[in-house]
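Peer 1: Input: one structure, supplied below.
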Amino acid sequence: MAEKQEIPKPAGRALLEAVERSQMRKDVPEIKSGDTVRLLVRIGEGKDERVQPFEGVVIRLHGGGVNRTFTVRRIAAHGIGVERTFLLHSPRLEKIEVLRHARVRRKQLYYLRERSGKSARLKEIRPMRKAEIAAREAAAAAREALGEERGGEE
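The letter at position 151 of the sequence shown is residue 135 when you use the numbering used here, and the numbering goes up by one with no holes.
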(Lines of atoms letter the chains of each structure in order from A and count residues from 1; the text may use other names and numbers.)
(Lines give C-alpha, C1' and ligand atoms only; values in the text may rest on other atoms or scores of the structure.)
Protein backbone atom coordinates (compact mmCIF):
# COMPACT_ATOMS: atom_id res chain seq x y z
CA MET A 1 0.00 0.00 0.00
CA ALA A 2 1.43 3.40 -0.97
CA GLU A 3 2.06 5.70 1.93
CA LYS A 4 -0.19 8.66 2.22
CA GLN A 5 1.68 11.93 1.69
CA GLU A 6 1.14 14.32 4.56
CA ILE A 7 0.68 17.98 3.86
CA PRO A 8 2.06 20.10 6.70
CA LYS A 9 -0.55 22.51 8.00
CA PRO A 10 0.33 25.67 9.87
CA ALA A 11 -0.67 25.05 13.45
CA GLY A 12 -0.87 27.23 16.52
CA ARG A 13 1.43 30.22 16.48
CA ALA A 14 2.32 29.91 12.79
CA LEU A 15 -1.36 30.14 11.84
CA LEU A 16 -1.82 33.23 14.03
CA GLU A 17 1.21 34.90 12.47
CA ALA A 18 -0.08 34.17 8.97
CA VAL A 19 -3.45 35.78 9.78
CA GLU A 20 -1.76 38.78 11.44
CA ARG A 21 0.53 39.31 8.45
CA SER A 22 -2.48 39.44 6.14
CA GLN A 23 -4.10 42.14 8.33
CA MET A 24 -1.05 44.45 8.47
CA ARG A 25 -1.03 47.64 6.40
CA LYS A 26 1.71 48.22 3.84
CA ASP A 27 1.50 52.04 3.69
CA VAL A 28 2.58 52.74 7.28
CA PRO A 29 5.53 55.16 7.59
CA GLU A 30 8.23 54.59 10.18
CA ILE A 31 7.29 56.56 13.28
CA LYS A 32 9.23 57.04 16.51
CA SER A 33 8.70 58.82 19.80
CA GLY A 34 9.02 62.55 19.35
CA ASP A 35 7.68 62.62 15.80
CA THR A 36 4.95 65.12 14.98
CA VAL A 37 2.26 63.34 12.96
CA ARG A 38 -0.99 64.25 11.25
CA LEU A 39 -3.56 61.47 11.23
CA LEU A 40 -6.74 61.33 9.21
CA VAL A 41 -9.16 59.29 11.34
CA ARG A 42 -12.48 57.93 10.10
CA ILE A 43 -15.26 58.69 12.57
CA GLY A 44 -18.75 57.22 12.37
CA GLU A 45 -21.64 59.54 13.20
CA GLY A 46 -24.79 57.50 12.98
CA LYS A 47 -24.96 56.16 9.45
CA ASP A 48 -22.50 58.72 8.08
CA GLU A 49 -18.73 58.57 8.19
CA ARG A 50 -16.37 61.50 8.03
CA VAL A 51 -12.61 62.00 8.20
CA GLN A 52 -11.23 64.09 11.06
CA PRO A 53 -7.59 65.26 11.31
CA PHE A 54 -5.66 64.73 14.55
CA GLU A 55 -2.20 66.29 14.77
CA GLY A 56 0.26 65.98 17.64
CA VAL A 57 3.46 64.49 19.05
CA VAL A 58 3.96 60.74 19.38
CA ILE A 59 4.70 60.21 23.07
CA ARG A 60 4.53 56.42 23.22
CA LEU A 61 4.89 53.30 21.08
CA HIS A 62 3.74 49.99 22.47
CA GLY A 63 3.35 46.38 21.36
CA GLY A 64 4.35 44.69 18.17
CA GLY A 65 3.04 43.24 14.96
CA VAL A 66 -0.62 43.85 14.24
CA ASN A 67 -1.18 44.94 17.86
CA ARG A 68 1.31 47.84 17.71
CA THR A 69 -0.16 51.02 19.18
CA PHE A 70 1.02 54.59 19.49
CA THR A 71 -0.20 57.50 21.60
CA VAL A 72 -0.43 61.00 20.15
CA ARG A 73 -0.68 64.11 22.34
CA ARG A 74 -1.94 67.44 21.10
CA ILE A 75 -2.88 70.68 22.76
CA ALA A 76 -6.56 71.45 22.18
CA ALA A 77 -8.45 74.69 22.84
CA HIS A 78 -7.51 76.72 25.94
CA GLY A 79 -4.28 74.76 26.47
CA ILE A 80 -5.91 71.46 27.40
CA GLY A 81 -3.84 68.40 26.44
CA VAL A 82 -5.61 65.58 24.62
CA GLU A 83 -4.08 62.14 24.16
CA ARG A 84 -5.39 59.41 21.90
CA THR A 85 -4.06 55.92 21.41
CA PHE A 86 -4.33 54.43 17.93
CA LEU A 87 -3.73 50.97 16.50
CA LEU A 88 -1.00 51.38 13.89
CA HIS A 89 -2.61 48.94 11.45
CA SER A 90 -6.22 50.01 12.06
CA PRO A 91 -8.54 50.40 9.07
CA ARG A 92 -9.97 53.50 10.85
CA LEU A 93 -6.74 55.37 10.11
CA GLU A 94 -7.13 56.82 6.64
CA LYS A 95 -3.60 58.26 6.46
CA ILE A 96 -0.54 58.73 8.68
CA GLU A 97 1.69 61.63 7.71
CA VAL A 98 4.97 62.35 9.54
CA LEU A 99 5.50 66.12 9.64
CA ARG A 100 8.63 66.44 11.81
CA HIS A 101 11.21 64.26 13.53
CA ALA A 102 12.64 65.25 16.89
CA ARG A 103 15.72 64.12 18.78
CA VAL A 104 14.59 62.50 22.02
CA ARG A 105 16.51 60.36 24.46
CA ARG A 106 13.58 58.36 25.78
CA LYS A 107 11.09 55.96 24.33
CA GLN A 108 8.10 57.28 26.31
CA LEU A 109 7.72 61.03 26.63
CA TYR A 110 5.36 61.22 29.58
CA TYR A 111 7.27 64.21 30.96
CA LEU A 112 5.62 66.36 28.27
CA ARG A 113 2.34 66.11 30.22
CA GLU A 114 3.59 68.46 32.94
CA ARG A 115 5.17 70.92 30.53
CA SER A 116 3.77 73.67 28.37
CA GLY A 117 5.13 76.42 26.19
CA LYS A 118 8.87 76.61 25.57
CA SER A 119 9.76 73.84 28.01
CA ALA A 120 7.65 71.39 26.00
CA ARG A 121 9.62 71.97 22.79
CA LEU A 122 11.61 69.14 21.24
CA LYS A 123 14.81 69.52 19.21
CA GLU A 124 13.85 69.04 15.56
CA ILE A 125 15.92 66.84 13.24
CA ARG A 126 15.83 68.27 9.75
CA PRO A 127 16.43 65.97 6.80
CA MET A 128 19.41 66.91 4.65
CA ARG A 129 18.66 68.62 1.35
CA LYS A 130 20.16 67.37 -1.91
CA ALA A 131 22.61 70.30 -1.99
CA GLU A 132 23.89 69.46 1.52
CA ILE A 133 24.33 65.79 0.60
CA ALA A 134 26.26 66.74 -2.56
CA ALA A 135 28.48 69.14 -0.57
CA ARG A 136 29.30 66.46 2.02
CA GLU A 137 30.13 63.90 -0.68
CA ALA A 138 32.38 66.42 -2.46
CA ALA A 139 34.18 67.23 0.81
CA ALA A 140 34.67 63.52 1.55
CA ALA A 141 36.04 62.93 -1.97
CA ALA A 142 38.43 65.90 -1.60
CA ARG A 143 39.68 64.58 1.76
CA GLU A 144 40.18 61.12 0.25
CA ALA A 145 42.11 62.54 -2.71
CA LEU A 146 44.27 64.64 -0.38
CA GLY A 147 44.95 61.57 1.76
CA GLU A 148 46.09 59.57 -1.31
CA GLU A 149 48.48 62.36 -2.36
CA ARG A 150 50.04 62.51 1.07
CA GLY A 151 50.22 58.72 1.26
CA GLY A 152 52.18 58.60 -1.99
CA GLU A 153 54.78 61.17 -0.80
CA GLU A 154 55.77 59.37 2.39
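For each residue, glycine too, the CB sits at the ideal point set by N, CA and C.
1. Is it true that the CB of Gly63 sits closer than 8 Å to the CB of Ser100?
2. Would you say Val42 and Ser17 are within 8 Å of each other, going by their C-beta atoms?
3. Classify Ile43 as helix, strand or coil using the three-state DSSP reduction.
4. Taking the alpha helix (DSSP H) that Ala2 falls in, what are its first and last residues?
5. With DSSP collapsed to three states, give me the class of Ala104.
6. If you follow the beta strand (DSSP E) that Ile27 is in, where does it begin and where does it stop?
7. Report buried or exposed for Gly40, applying the criterion of at least 16 other Cβ atoms within 10 angstroms of its Cβ.
8. Specify the secondary structure class of Ala126 as computed by DSSP and reduced to three states.
9. Name, in chain order, the residues that DSSP records as bridge partners for Gln36.
10. Taking the beta carbon of Asp19 as the centre, do at least 16 other beta carbons fall within 10 Å, making it buried, or is it exposed?
11. Assign Val21 to buried or exposed, taking buried as 16 or more other Cβ atoms, counted over all protein chains shown, within 10 Å of its Cβ.
12. Alpha carbon to alpha carbon, what distance is there between Glu132 and Glu81?
13. Under the three-state reduction of DSSP, which class applies to Arg110: helix, strand or coil?
14. Taking the C-alpha atoms as reference points, what is the distance between Arg105 and Arg89?
Peer 2: According to the data block:
1. yes
2. yes
3. strand
4. Arg(-3) to Gln7
5. helix
6. Thr20 to Glu29
7. buried
8. helix
9. Val25
10. buried
11. buried
12. 45 Å
13. coil
14. 14 Å
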